[in-house]
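Visitor: In this text, residue positions in the sequence shown follow the working numbering: the first is 152, and each later residue adds one.
Following this message is one structure expressed as structure tokens.
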Amino acid sequence: MSFSSLGITAACLLAAVTLVAGPDGRPSASSKRSASYEDLASFFREWRSFQKPKLVDGVPDYTPRAMAAQRTELSSWQSRLAAIDPS
152 MSFSSLGITA
162 ACLLAAVTLV
172 AGPDGRPSAS
182 SKRSASYEDL
192 ASFFREWRSF
202 QKPKLVDGVP
212 DYTPRAMAAQ
222 RTELSSWQSR
232 LAAIDPS
């Protein structure tokens with residue numbers, strides 16, 4: 152495994168941990184848990200749509216303002232993911 156692919160793997164792992172863990176690093180609590188594969192697949196499709204940057208004049212918007220707007224919604228995504236039972 153090359154250094155760059157190792158870095159990409161580490162970045163993906165970090166992103167997954169950040170998404171699952173709450174602000175304190177522990178899994179977010181949720182009152183309703185789902186074990187449905189369809190719930191996980193639906194979550195994934197919605198997440199991919201959410202994380203895709205908006206286009207401004209045909210160019211992806213990764214400005215600090217756009218990223219801050221996404222960041223404000225991250226905790227709700229973390230809670231939704233934590234509500235899916237991995238077993």
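Cβ atoms here follow ideal geometry from the backbone N, Cα and C, with glycine treated the same way.
Hey, out of W198, A217, R231, S185, whose CA is closest to V207's CA?
Guide: Of the listed residues, the one whose Cα sits closest to V207 is A217.
Visitor: Leaving out the 5 sequence neighbours to the left and right, which residues in its chain are closer than 6 Å to R199 when beta-carbon positions are compared?
Guide: If we look at R199 and ignore the five residues flanking it on each side, it has no Cβ neighbours.
Visitor: Could you give the C-beta distance for S185 and D236, rounded to a whole number, given that I count them as a contact under 8 Å?
Guide: Their Cβ separation, rounded to whole angstroms, is 6 Å, which keeps S185 and D236 in contact under 8 Å.
Visitor: Quick one: what does DSSP say P215 is sitting in, helix, strand or coil?
Guide: In this structure, P215 counts as helix in the three-state DSSP scheme.
Visitor: Take the Cβ of A220 as the centre, count every other Cβ of all protein chains shown within 10 Å, and call the residue buried at 16 or more, exposed below.
Guide: Flag for A220 reads exposed.
Visitor: By how many angstroms is the C-alpha of F195 removed from the C-alpha of F232?
Guide: Here residue 232 is Leu; the residue named in the question, Phe, does not match the sequence. Approximately 9 Å, taken between the alpha carbons.
Visitor: Should Q202 be labelled buried (16 or more other beta-carbon atoms within 10 Å of its own) or exposed?
Guide: Answer is exposed; the Cβ neighbour count stays below 16.
Visitor: Using a Cβ-Cβ cut-off of 7 Å (strictly less than) and excluding sequence neighbours within five positions of K183, which residues of its own chain qualify?
Guide: Correct list, in chain order: A234.
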